[in-house]
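Position in the sequence shown counted from 1, then plus 217, gives you the numbering used here.
Heads up: the structure comes next, in structure tokens.
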Amino acid sequence: MKRNIYLSVAATVSAILFSACQITEVSDSIKTRSITVYPVEADTRTSLEYEYSDYSHLVWCEGDVVAYVTDCASDVVKEAQVSSEGVFTATIPESAGTDNRLYVVYPGNGLAGGTLADLSLEISAQQTQDSISAVNSTGIVIPMMACTHVPETGETSVSVSYDVPVSVIRFDFATADFPQDQIQSVTFTAAQPVAGTVNVAGSVNGDVIFNGVSNSVTTTIDRLSPLERGGYVYVPVMRGSYSGVTLEVVTDNNEFVFRDGNFELDDPDATLYKVEMTLGEGQVIRDPYFVEISEDEQFSPDNKYLIAYRQSDYVYRVASEHISSKIDAVTIEYDPDLGGIPVVGDVMDYVFTIGPVAGADGYYWLYSEAAGNTNGNYVGTAGGTSVEGNFFFMKTEPASSDAYYIWRITYGDGAVYLYNEGRNRWIKYSTNLTYFVTSSVGEDNTGNEQIRDITILKLIE
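Encoded structure:
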């Protein structure tokens, strides 16, 4: 079952604006010098941490790796580890002066040896979060980039201002229906790309050159814990405004879907967005299955049905193909987790369409591709007094005057009766023939133990 909801978000923390800079080239030098690089703002970090006050901020982690390079000719990208304060030492060409620029990106793992022209920042379509603990978001990668002037010769430090091109959505999932469920993953899917790469050298003067490669971002949880313990799931996506968003939440027991969400994630002064959501029965996605109808069933040609005999608590004999003017049966097992017959194997080949007869209130026609023969696929009955009689078939939709091809549908104790007044016959299952038959035996099977009542199941998608 699915439900559409409208999703909204509220900004809670500030983003760091990107410093505008341009690229020039100077002669390269074999000599280098070292400078210490400091972050300008304390709130620009690589992961999220939550205090008891629920104030949200970004924090650097000891050992985080950044990549950096200047725009000097022949300079190559290098890597460096930062301190818990986001400080690192950069080795730059000695010839680099104040007319040159220093570029820094996080994460920087694996980028060493490249050039500025090829340097890009990855917004990953796959994130891994250690757990949904409210304490931190270990494992989530929040990409950042910075550009600043190289300090004058003799100066040994420089400060950089980082830009965070993503918006981080923090989902807080509440549930009364599934407190023991454990979230395994959350997937954010939009109509346009939300993951890809940012060209670092070209993203200056407020512009961001984004090469989108995926319309989805999935955060997978490594260590599971029950929802009743609380916690958050973080999903970083390219900053932007998104409509028609689908959010899929997978737990160890269920799948949930929220459709047609609107996410305004383009506020230049926001990096983190808090979203509270409730996981309930209305959002559960289940595999398609057939379930026995109730007495208030409204038959429609738009629905799909099975005609079956319930042989035991976990086994149905389902009407299938035409065989010698009878209808054969196949065995399909009941799935207690679904609460019905799963859509497996060839079961969809055996569906019946049941529709109201025009001008004959309370009468219905039956149609089956598999059960029909060369005479047609609309199901009728032969005459006579046999307890195990034959079916007839016709090619065109039965009208009220086609008395042998229209049926009344009534209900008994655990049974559904398909009755043809024109021939005074019922559709039954014969344990003797192991087929479905038309029978003179009505609602009372006494004295005809081989004749069994049937039921009807409806497809739930």
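Just so you know, even glycine gets a beta-carbon here, dropped at the ideal spot from N, CA and C.
In three-state terms, what does DSSP make of Arg446?
-> Counted from its first residue, the sequence shown places residue 446 at position 229. Here Arg446 sits in helix by DSSP.
Residue span of the beta strand (DSSP E) that contains Glu296, given as start and end | Counting from one through the sequence shown, the residue named residue 296 turns up at place 79. Start and end: Lys295 to Gln298.
Where DSSP assigns a beta bridge to Arg456, which residues make up the other side?
-> For the purposes of this step, residue 456 is taken as residue 239 along the sequence shown, with counting starting at 1. DSSP output for Arg456 lists no bridge partner at all.
Whole beta strand (DSSP E) elements within the segment 543-619, 3-residue minimum | 543-550, 569-573, 581-585, 595-598 and 608-611
Helix, strand or coil: which one does DSSP assign to Tyr621?
-> For the purposes of this step, residue 621 is identified with residue 404 of the sequence shown, where counting begins at 1. Tyr621 falls in the helix class under three-state DSSP.
Just checking my contact of Gly413 with Gly429 at CB under 8 Å: how many whole Å lie between their CB atoms?
-> Translated into positions along the sequence shown, residue 413 becomes position 196. Translated into positions along the sequence shown, residue 429 becomes position 212. At roughly 4 Å, the Cβ-Cβ gap stays under 8 Å, so Gly413 and Gly429 are in contact.
Touching by the beta-carbon criterion (3+ pairs, under 8 Å), the segment 274-287 and the segment 299-311 | Because the criterion of three Cβ pairs below 8 Å is met, the segment 274-287 and the segment 299-311 touch.
Taking Cβ to Cβ, would you say Trp624 is nearer than 7 Å to Asn637?
-> Along the sequence shown, one-based indexing puts residue 624 at 407. Along the sequence shown, one-based indexing puts residue 637 at 420. A Cβ-Cβ contact shorter than 7 Å links Trp624 with Asn637.
Where DSSP assigns a beta bridge to Val415, which residues make up the other side?
-> As a working mapping, residue 415 is identified with position 198 in the sequence shown. Paired residues: Leu338 and Phe427.
Cβ of Ala599 within 7 Å of Cβ of Ser537?
-> What you label residue 599 is simply residue 382 of the sequence shown in a count that begins at 1. What you label residue 537 is simply residue 320 of the sequence shown in a count that begins at 1. Not a contact, by the Cβ cut-off of 7 Å.
Looking at C-alpha atoms only, which residue of Pro396, Tyr526 and Thr315 is the closest neighbour of Gln667?
-> Stepping through the sequence shown from its first residue, residue 667 is reached at position 450. Selected option, being the one with the closest Cα: Tyr526.
Rounded straight-line distance, which links the Cα of Glu512 to that of Thr627 = Here residue 627 refers to the residue found at position 410 when the sequence shown is read from its first residue. Here residue 512 refers to the residue found at position 295 when the sequence shown is read from its first residue. If I take the Cα positions, the gap works out to 8 Å.
Taking the alpha carbon of Glu605 as the point to measure from, which residue in Val474, Leu674, Phe475 and Lys645 has its own alpha carbon closest?
-> Taking the first residue of the sequence shown as 1, we reach residue 605 at position 388. With distances taken between Cα atoms, Glu605 lies closest to Lys645.
Which residues in the same chain as Ser585 place their Cβ atom closer than 7 Å to its Cβ, once the five residues preceding and following it in sequence are excluded?
-> Stepping through the sequence shown from its first residue, residue 585 is reached at position 368. Cβ neighbours of Ser585 beyond the five flanking positions: Phe569, Asn594 and Val596.
Contact set for Gly419: own chain, Cβ-Cβ below 8 Å, skip 5 residues either direction | Position 202 of the sequence shown, counted from the start, is the residue given in the question as residue 419. So the qualifying residues of the chain are Ile426.
Is any beta-carbon of chain C found at less than 7 Å from that of Gln399?
-> Here there is only one protein chain, and chain C is not present.
Consult DSSP for Leu328 and reduce its assignment to one of helix, strand or coil.
-> By one-based count along the sequence shown, residue 328 stands at place 111. Leu328: coil per DSSP, three-state reduction.
Consult DSSP for Leu464 and reduce its assignment to one of helix, strand or coil.
-> Locating residue 464 in the sequence shown gives position 247, where the first residue counts as 1. Looking at Leu464 - three-state DSSP - the assignment turns out to be strand.
Do Phe395 and Leu496 have their C-beta atoms closer together than 7 Å?
-> For this step, residue 395 is matched to residue 178 along the sequence shown. For this step, residue 496 is matched to residue 279 along the sequence shown. For Phe395 and Leu496, yes; Cβs fall inside 7 Å.
In three-state DSSP terms, what is Leu319?
-> Taking the first residue of the sequence shown as 1, we reach residue 319 at position 102. Three-state result, Leu319: strand.
Taking Gly631 as the reference, give the member of Gly639, Tyr652 and Leu674 with the closest Cα.
-> On the sequence shown, position 414 is the one that residue 631 refers to. Of Gly639, Tyr652 and Leu674, the residue nearest in Cα terms is Leu674.
Do Thr404 and Ser384 have their C-beta atoms closer together than 7 Å?
-> Along the sequence shown, read from residue 1 onward, the residue named residue 404 stands at position 187. Along the sequence shown, read from residue 1 onward, the residue named residue 384 stands at position 167. Contact: no.
Per DSSP, Cys364 is paired with what?
-> The sequence position of residue 364 within the sequence shown is 147, counting from 1. Note: Cys364 sits in a beta bridge opposite Tyr320.
Answer with buried or exposed for Asn317, where buried requires no fewer than 16 other C-beta atoms within 10 angstroms of its C-beta.
-> Numbered from 1 along the sequence shown, position 100 holds the residue referred to as residue 317. Buried, because 16 or more other Cβ atoms sit within 10 Å of the Cβ of Asn317.
Examine the Cβ distances between the segment 357-366 and the segment 319-337 and report whether three or more of them are shorter than 8 Å.
-> yes
Output the distance between the C-alpha atoms of Gln409 and Tyr459, rounded to the nearest integer angstrom.
-> What you label residue 409 is simply residue 192 of the sequence shown in a count that begins at 1. What you label residue 459 is simply residue 242 of the sequence shown in a count that begins at 1. Those two C-alpha atoms are separated by around 8 Å.
State yes or no: is the C-beta of Ser617 within less than 7 Å of the C-beta of Val574?
-> Numbered from its first residue, the sequence shown carries residue 617 at position 400. Numbered from its first residue, the sequence shown carries residue 574 at position 357. Yes, Cβ-Cβ distance for Ser617 and Val574 is below 7 Å.
Range of the contiguous beta strand (DSSP E) that encloses Pro180 | Only positions 218 to 678 of the chain appear in this structure, which leaves residue 180 out of reach.
Own chain partners of Ala407 with C-beta closer than 6 Å, once the 5 adjacent residues on each side are dropped = The residue labelled residue 407 in the question sits at position 190 within the sequence shown. Only Asn432, Tyr459 and Val462 meet the Cβ criterion.
How long is the line joining the alpha carbons of Val532 and Pro505, rounded to whole angstroms?
-> Looking up residue 532 in the sequence shown gives position 315. Looking up residue 505 in the sequence shown gives position 288. Rounded to the nearest angstrom, the two C-alpha atoms are 18 Å apart.
Sub-7 Å separation of Glu481 and Thr672 beta-carbons = Counting from 1 along the sequence shown, the entry for residue 481 is found at position 264. Counting from 1 along the sequence shown, the entry for residue 672 is found at position 455. No, the pair does not count as a contact, with Cβ atoms beyond the cut-off.
Contact under 7 Å by Cβ, Pro443 with Gln397 = The residue labelled residue 443 in the question sits at position 226 within the sequence shown. The residue labelled residue 397 in the question sits at position 180 within the sequence shown. Taking 7 Å as the Cβ cut-off, Pro443 and Gln397 qualify as a contacting pair.
Contact set for Ala284: own chain, Cβ-Cβ below 6 Å, skip 5 residues either direction = Within the sequence shown, numbered from 1, the residue matching residue 284 stands at position 67. Exclusion of the five residues before and after Ala284 leaves Val294, Glu296, Val322, Gly325 and Leu328 as the residues of its chain whose Cβ lies within less than 6 Å of its Cβ.
CA nearest to the CA of Val417, picked from Met494, Tyr451 and Ala334 = Here residue 417 is taken as the residue at index 200 of the sequence shown, counted from 1. When each option's Cα is compared against that of Val417, the closest is Ala334.
Lys248 and Glu311 look like a contact to me (Cβ under 8 Å); what is the Cβ gap, rounded to whole Å?
-> Position 31 of the sequence shown holds residue 248. Position 94 of the sequence shown holds residue 311. A Cβ-Cβ distance of about 4 Å is found for the pair Lys248 and Glu311, placing them in contact under the 8 Å criterion.
6 Å Cβ shell around Val658 - same chain, five flanking residues per side excluded = One-based indexing of the sequence shown puts residue 658 at position 441. Val604, Asn665 and Ile668, listed in sequence order.
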